[in-house]
Amino acid sequence: MGPKFSNSTAVDFLIVGAGGAGGVVAKELSTNGFQVVVLEQGPYLHEDDFIHDELKTRNIYVHPTYGEPVLTNDHRKQPNTFRRSENETAQPYSSVLYGRCVGGGTVHFTGNYWRLHEVDFMERSKWGPIAGTGFSDWPITYADLEPYYTKAEWELGISGLAGASPFDPPRSKPYPLPPMPVKSSGILLERAGKKLGLHPFPAPLAVLSQPYRGRSGCQNCGFCEWFGCEWAAKSSSLASVIPMAEETGRCEIRPNSYVKRVEVDAQGRVTGAMYFDEKQNAQFQRAKAVVVCANGSETPRLLLLSDSKMFPHGLANSNGMVGKFLMFDHGTVARAIFEHPLNDYQGVQVTRIIHDFYDADPKRGFYGGGGIDARFDQYPVAYGLTGLPPGSPRWGAGYKRLLKDDFRRGMAIFTHTTSLPLESNSISLDPTLRDAWGQPAIRVTYTSHPDDLKTMQFFSGKALELLDAAGALEKWTFPIESSKGGVHLLGSCRMGNDPKTSVVNKYHQAHDVPNLFLVDGSSMVSAGRHQPTCTIQALAYRAADHMTRMAKSGSIKTSA
Amino acid sequence: MGIPHDGSRRQFLVRSATGLTSAWMLANWPAVLAAHEHAHSVADSAAPKLEFLSAAQATEIEAIASQIIPSDDTPGAREAHVVYFIDRALTTFDRDSQSAYTHGLQELQSKVQATFPGKPLFSSLSSEDQVRLLTAIEKTDFFERVRVHTIMGFFADPSYGGNFEQAGWKLIGFENQPVHQQPFGYYDAQAAKEKDK
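In the order they appear, the protein sequences are chains R and U. Everything in the first sequence is counted per the working numbering, starting at 24 for the first residue and increasing by one. Everything in the second sequence is counted per the working numbering, starting at 71 for the first residue and increasing by one.
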């Protein structure tokens with residue numbers, strides 16, 4: 024447990040959101056001597072709360088109307104609207120999904136922990152322009168971020184095998200922990216990949232393969248994706264950096280605190296944030312600087328909600344770029360049944376991946392690339408409802424026979440592919456719909472770029488080829504469609520050197536407001552091949568490093 | 071040292087496993103499992119009660135659920151107490167479905183009486199006639215609702231009243247445990263054997 028600060032104390036830094044990024048920034052700033060308050064809209068849960076209850080924990084993907092979302096945002100209280108283009112009136116649709124608890128999405132994530140490759144930071148220069156898109160280089164390079172990738176891997180605890188992939192970018196240190204024990208799905212992907220001349224390798228995962236820094240190693244219970252880890256073996260910010268932040272005695276994590284507005288003074292500097300406490304009472308926490316780590320949907324929303332005389336179109340939005348260039352996670356799912364039991368529900372989700380098609384290749388005739396993983400993803404309820412091959416009986420004796428035969432023999436291949444940044448894909452405020460706190464709801468405008476769809480089609484084919492080479496008895500995939508929502512919410516307050524076309528500079532400092540920083544997926548200029556948590560956390564370490572330097576040298580201009 | 075079997079059990083295990091290898095877990099596994107199973111048998115021992123459905127309605131719902139996941143050489147929806155899961159769902163997280171059930175059952179009864187004169191109830195039909203009737207209504211919202219609830223009740227955690235004695239999990243070979251060990255499946259076992267050669 025950390026300290027308690029009073030609302031009227033202007034703490035050094037106020038952080039909005041205790042997720043993957045916010046947890047890292049809180050740990051860095053507090054260990055560097057600053058007073059920090061973190062406002063988190065969700066609850067503060069612990070290992071005892073993380074139970075194997077699919078209906079309670081994972082229900083949102085089983086059926087949207089059952090149960091209470093425990094680890095993620097609740098669309099009944101926080102509805103979204105969706106439209107394909109600006110010409111349409113957005114309709115209610117649950118589009119964005121994110122972690123809503125201390126630890127954020129890192130509590131329930133799969134743990135795929137992929138660094139970006141060198142090319143991701145300069146792909147626009149390498150590939151050339153793509154008409155109608157905001158395809159751009161980053162203002163930083165892989166080399167700028169490499170030390171922070173390493174720091175993230177060692178502080179959080181990542182399992183993997185350095186040098187196992189010929190496509191991996193250079194690294195200054197190996198992984199701190201050996202890879203996770205391989206599952207049957209990993210063996211099948213490995214065999215199939217090698218047969219096809221590819222280079223499968225052990226998945227780098229944010230799960231401890233051995234005890235590490237006072238935390239238990241993974242016990243292979245199998246409840247990773249969409250569940251919290253009862254063993255604290257998943258390297259969420261909740262299990263790793265947040266306790267370190269609290270131990271400094273300078274960081275207060277304040278859960279159930281839903282931020283409504285960031286306030287500014289007459290000089291246009293932020294003074295703190297208004298938030299609703301657990302009882303829905305409005306509170307104001309003063310701070311010398313504010314760091315918004317609320318994810319790629321809530322960060323732009325909060326800026327847009329924080330309009331003022333000085334910033335009539337929303338905070339840090341003088342150029343109108345806040346919310347633009349949203350990139351959802353693209354990718355495909357293929358499923359297969361094999362002759363023998365895999366029991367793929369045991370152990371972590373993913374143990375082998377393939378990055379042979381990571382880079383875009385002009386020979387394909389379109390821009391795009393991606394990564395491939397073999398995984399388990401259907402717990403029993405989801406399996407019973409949607410796990411059987413297309414055309415299978417949906418009830419009766421035939422249905423029961425298939426249920427019995429297929430669960431232990433099934434696996435999936437997920438692919439994670441590029442998302443081009445389009446200015447028209449955005450987060451904005453819905454003009455009519457409001458959340459349970461009376462605030463304007465998130466409105467999503469999104470249409471996938473044609474090259475993104477072609478990339479998904481390409482990867483869907485690759486997944487089927489791999490399953491075929493692995494000896495699948497039966498395999499199937501799903502239609503490719505333009506995205507309507509996502510869990511990786513990227514690019515909506517992008518970083519850049521030019522204040523006319525970006526929201527933050529390369530140190531995550533808002534161009535318009537010297538004591539406001541935005542650190543989460545919203546900063547990303549391109550989406551990589553998704554699985555972005557590793558990069559978001561490396562960016563958070565780097566941003567915190569610069570904030571520390573600036574604060575210590577007195578160059579963050581705070582409110583008088 | 072005894073292992074508590076409530077919320078603190080997990081805390082105990084987390085603390086105990088810290089700094090140790092899974093060898094500790096494996097050595098202590100029988101005790102952990104015993105605690106786990108005891109907790110389940112306590113949960114299972116309370117006799118189920120109906121809160122929303124009448125006994126007559128429950129008989130009808132159970133007859134439908136038993137056609138969705140029939141009982142044969144392994145337990146089906148009936149033995150898994152799916153009807154109690156549905157009843158509890160209708161008084162807790164799915165109250166919104168109450169009227170769909172009440173109206174759906176009334177319509178079903180009218181359909182039964184119109185199609186099979188002299189038979190007042192769905193549950194009184196022969197199994198073949200039940201299947202015929204459900205096939206005729208399988209596109210309806212009512213049937214889909216009962217189908218989804220039946221499957222959920224068959225596979226959800228037994229604490230919700232269904233999946234009695236883990237009937238659903240046993241059918242598909244799913245073992246809900248805090249610990250599993252290698253080899254997990256056929257192919258990784260095979261690969262490990264080849265590696266040892």
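Heads up, the beta-carbon is just placed ideally off N, CA and C, and yes, glycines get one too.
By the Cβ rule, the stretch 233-241 of chain U counts as touching the stretch 144-153 of chain U, because three or more pairs are nearer than 8 Å.
Collapsing the DSSP output to three states places residue 333 of chain R in coil. For residue 256 of chain R, the closest of R:565, R:232 and R:108 by C-alpha to C-alpha distance is R:232. Listed along chain R, the residues sitting closer than 9 Å to residue 250 of chain U by beta-carbon distance are 242, 243, 244, 245, 366, 368, 369 and 370. Out of R:62, R:461, R:40 and R:297, the CA that lies nearest to the CA of residue 27 of chain R is found in R:62.
Judged by DSSP in its simplified three-state form, residue 581 of chain R adopts coil rather than helix or strand.
DSSP lists no bridge partner for residue 523 of chain R. Judged by DSSP secondary structure, residue 557 of chain R falls within the alpha helix (DSSP H) whose first and last residues are 556-575. By the Cβ criterion, the stretch 437-455 of chain R is in contact with the stretch 463-470 of chain R, since at least three pairs of Cβ atoms, one from each stretch, lie closer than 8 Å. Beyond the five residues adjoining it in sequence on each side, residue 169 of chain R comes within less than 8 Å, by CB distance, of 192, 193, 194 and 195 in the same chain, given in chain order. For the stretch 123-145 of chain U, the set of positions with a beta-carbon nearer than 8 Å to some beta-carbon of chain R reads 137, 138, 139, 140, 142 and 144 in chain order.
Annotation note: the stretch 318-402 of chain R contains the following uninterrupted alpha helix (DSSP H) runs of length 4 or greater, listed N- to C-terminal: 318-328.
Remark: C-beta atoms of residue 213 of chain R and residue 199 of chain R do not approach each other more closely than 8 Å. One alpha carbon belongs to residue 348 of chain R, the other to residue 263 of chain U, and they sit about 50 Å apart. For residue 230 of chain U, the residues of chain R that pass the 8 Å Cβ criterion are 78, in the order they occur in the chain.
Using a Cβ distance threshold of 8 Å, residue 450 of chain R and residue 320 of chain R count as a contacting pair. Under DSSP, the beta-bridge partners assigned to residue 225 of chain R are R:375. Residue pairing by DSSP places residue 235 of chain R opposite R:238 in a beta bridge.
Around residue 153 of chain U, no beta-carbon contact reaches into chain R at under 8 Å, the shortest distance being about 16 Å. Inter-residue distance for residue 210 of chain U and residue 204 of chain U is about 10 Å (C-alpha atoms, whole angstroms). Among the residues of the stretch 420-451 of chain R, those with a Cβ less than 7 Å away from any Cβ of chain U are 420, 423, 426, 427, 430 and 431, in the order of the chain.
Secondary structure note for residue 197 of chain U: its alpha helix (DSSP H) is the uninterrupted segment 197-206.
For residue 457 of chain R, the pairing in a beta bridge is given by DSSP as R:463. Non-local beta-carbon contacts of residue 258 of chain U in its own chain, meaning distances under 8 Å to residues more than five positions away in sequence, involve 252 in chain order. Where residue 145 of chain R is concerned, there is no enclosing beta strand (DSSP E), because DSSP gives it neither an H nor an E. Following the DSSP letters along the chain, one finds residue 60 of chain R inside the beta strand (DSSP E) bounded by residues 59-62. At a Cβ-Cβ threshold of 8 Å, residue 365 of chain R and residue 256 of chain U count as neighbours.
DSSP places residue 153 of chain R in the coil class of the three-state scheme, outside both helix and strand. The beta carbon of residue 96 of chain R lies closer than 7 Å to those of 120, 121 and 123 in the same chain, with the five residues before and after it left out. It is roughly 28 Å from the alpha-carbon of residue 251 of chain R to the alpha-carbon of residue 160 of chain U. In this structure residue 106 of chain R is buried. Its beta-carbon is surrounded by 16 or more other beta-carbon atoms within 10 angstroms. Residue burial is scored here from C-beta neighbours: residue 40 of chain R has at least 16 other C-beta atoms within 10 angstroms and is therefore classed as buried.
Around residue 236 of chain R, the same chain offers 180 as residues with beta carbons nearer than 7 Å, after the five sequence neighbours per side are excluded.
Restricting attention to R:570, R:576 and R:577, the CA atom closest to the CA of residue 54 of chain R is found in R:570.
The beta carbon of residue 236 of chain U sits no closer than 8 Å to any beta carbon of chain R. With a cutoff of 8 Å on beta-carbon distance, residue 441 of chain R and residue 478 of chain R are scored as near each other.
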